[in-house]
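If you read the sequence shown in my numbering, its first letter stands for residue 2, the second for the next number, and so on.
Here a beta-carbon is modelled for each residue, glycine too, at the ideal position from N, C-alpha and C.
Comments concern the structure below.
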Amino acid sequence: MLEEVFRDQWGRVLASLVGFLGDFDRAEEAAQEAFAIAAERWPASGVPDTPGAWLVTTARNRAIDRIRRERTLAQKIHLLPAPEAIVDEFDNSLIKDERLELIFTCCHPALPLEGQVALTLRALGGLQTAEIARAFVVSEETMKRRLTRAKAKIKATGIPFAVPGAHLLPERLEAVLAVIYLIYNEGYSGRVDLGAEAIRLGQVLAGLMPREPEAHGLLALMMIHHARRRARFRGDDLVLLDDQDRSLWDLRQIAAGRAVLDRAMALGGRGAYVVQAAIASLQARERIDWPQVAELYRRLTALTGSAVVELNRAVAVAQAGDPAAALRAVDDLDLDGYLYFHSTRGELLRRLGREAEARTAYRRALELAASTPERRFLTRRLEQL
C-alpha cells in the first residue's frame, strides 16, 4: 500500500516542497524523509485519510528542522511558515497542487532535452536514478550527472517555478507534450514500464489542464498504442499490424483511449496529437478504413511538414490498394538514412513484383537496423524473396 501511495503522491508532494523551499535537492531530501517516516508509522497506525497532505506537512516540518540546524541558513527560517508539530489529521484542500508548475519547470527550454526527460521522470514519476538509467541504457553515474546539471541550471539561471503566461503557454506546452511522448516512445520500443509511466504522466497533465485538447490527444494516442503492446512482438520477432493477434489487445484500454479522444475533439482539438490519436483509433478497428487513415496522414503532414509522416501516408495509400502511387510518393522523399524509408520501399517493390529492387532496399534497411527484432524481420523478408 505504501508503494501505491508513493506512486500516486510523490509528484504532488515534491511539487509542493519545491514551491515551498525553492530547491530541488532539499525538496527531495525532505520528501524521502517523510516517506521513510510513513513506512515506519503507517503499518501500525494505518494510512491517513489524506496521505498526500500528511506527507507534505511532515516533509515541510523535516525541511524546517534541517534548515534550523544549518546555521549558515538560519536567516531563511524567517521566510518559512513553521508548524510546531505533526498531527494526525490534515486538510488536503489546504495543500495547493503545484505539479503543473513542476512539469513546466522540468521541461523548461533552457534545459537540454536529456535533462528535461530525466528530471521529469525523477520529479513527477518518482523513478530512482538507477531505474531511469536502465530505461535509457546509460550508466547510473551518467544519469546522476544529467540530473545534477539540470537541477544546478534551474538554480543558477533562476528558472521560475511557475506555469508560463498565456503568450508563452502554447509553445511551452508543446515542449512538455514532446517530452512525455519521447518517454512513451522509449517504452513502446520494448521498455513497457516506461511506456506506462508516460501514460501516467499524461494523465496527470490532462487532469491539470482539462481544457487543453492536445494534452488529451497525446494521452489518447499513448493509451491506444499501449493497448496493443503485447501483440507487437512474438518472442524476439516483430509482428506487423495486419498479423497481430487481436486477442492480445487490451480492448478496455482502447475504449478508454477513445473516450479521451472524444474529449479532445469535443474541446475543438485538431492538432497533431489529436490527429495521431484518431489514426491510432482507426487502426484499432476490426476493419481498417485505409483511405480515411491516408486522409488523416495528409492532414498531419500539413500540420507538421514531416517527411516521416508523409512516408506513413504512403503506407496507408498502399494499404488502400494503390502501391504504385505509394511508391511514387516514397521516392519523392529525402530519407536515405532512415530505416523505415528503405523497408517501406522494399515492401512496395515486393508488392509490385520488382523483386531485385526490393532486395536492394531491404539490404539497405538491414544495414540501418539497430534492434534484434528489426534485423530478424528484415532477414525473413529477404529470405522470402
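Note to self: So the candidates are 283, 362 and 326; which of them puts its Cα closest to the Cα of residue 346?
What the structure shows: 362
Notebook entry, point to check: Three or more C-beta pairs closer than 8 Å, one from the region 235-242 and one from the region 256-276: is that the case here?
Noted result: no
Margin query: Output needed for residue 143: all residues of its chain with C-beta closer than 8 Å, excluding positions within five of it in sequence on either side, in chain order.
Written below: 134
Next item on the list: Mind checking which residues open and close the alpha helix (DSSP H) that includes residue 250?
Entry: Unbroken run through residue 250: none, as it is neither H nor E.
Check: With 16 other CB atoms within 10 Å as the buried threshold, where does residue 17 fall?
Finding: buried
Next item on the list: Compute the beta-carbon to beta-carbon distance between residue 379 and residue 370, rounded to the nearest angstrom, for a pair I have assumed lies under 8 Å.
Entry: 6 Å
Checklist line | 7 Å Cβ shell around residue 29 - same chain, five flanking residues per side excluded | finding: 15
Check: For the alpha helix (DSSP H) that contains residue 51, what are its first and last residues?
Finding: Judged by DSSP secondary structure, residue 51 falls outside any alpha helix (DSSP H); it is assigned neither H nor E.
Notebook entry, point to check: Looking at residue 180 and residue 121, is the spacing between their C-beta atoms short of 8 Å?
Noted result: yes
Next item on the list: Confirm, please, whether the CB-CB distance from residue 254 to residue 232 is below 8 Å.
Entry: no
Item checked: Residue(s) in a DSSP beta bridge with residue 235 -> Looking at the DSSP assignment, residue 235 forms a beta bridge with 238.
Margin query: Whether or not the region 213-226 and the region 266-277 are in contact is what I'm after, with contact meaning three or more pairs of Cβ atoms, one per stretch, closer than 8 Å; do they touch?
Written below: yes
Checklist line | Sequence-distant residues of its chain with Cβ nearer than 7 Å to residue 341 (five each side left out) | finding: 312
Check: Would DSSP call residue 123 helix, strand or coil?
Finding: helix
Margin query: Suppose contacts are defined by Cβ-Cβ distances below 8 Å. Is residue 270 in contact with residue 304 by that definition?
Written below: no
Check: If you count every other CB in all the chains shown that lies within 10 Å of the CB of residue 109, and 16 or more means buried, which is it?
Finding: buried
Margin query: Taking only three categories from DSSP, how would you classify residue 263?
Written below: Three-state result, residue 263: helix.
Notebook entry, point to check: For residue 3, which residues from the same chain have a beta carbon less than 7 Å from its beta carbon, with the 5 sequence-adjacent residues on both sides left out?
Noted result: 39, 40 and 43
Next item on the list: State the DSSP-derived secondary structure class of residue 112, mapped to helix, strand or coil.
Entry: Here residue 112 sits in coil by DSSP.
Next item on the list: Determine the extent of the alpha helix (DSSP H) in which residue 374 is found, giving its start and end residues.
Entry: 373-385
Note to self: So, under 8 Å CB-CB, residue 56 and residue 36 are touching, yes? Tell me the CB distance rounded to an integer number of Å.
What the structure shows: 7 Å
Notebook entry, point to check: Could you give the distance in angstroms between the alpha-carbon of residue 11 and the alpha-carbon of residue 337?
Noted result: 44 Å
Item checked: Coil, strand or helix - residue 210 by DSSP -> coil
Notebook entry, point to check: Taking Cβ positions, are residue 291 and residue 327 nearer each other than 8 Å?
Noted result: no
Checklist line | Proximal residues to residue 294 (C-beta, below 7 Å), its chain only, five neighbours per side dropped | finding: 280, 283, 284 and 317
Note to self: So, for residue 162: in the same chain, excluding its five sequence neighbours on each side, which residues have a beta-carbon less than 8 Å away from its beta-carbon?
What the structure shows: 19, 20, 23, 99, 102, 103 and 106
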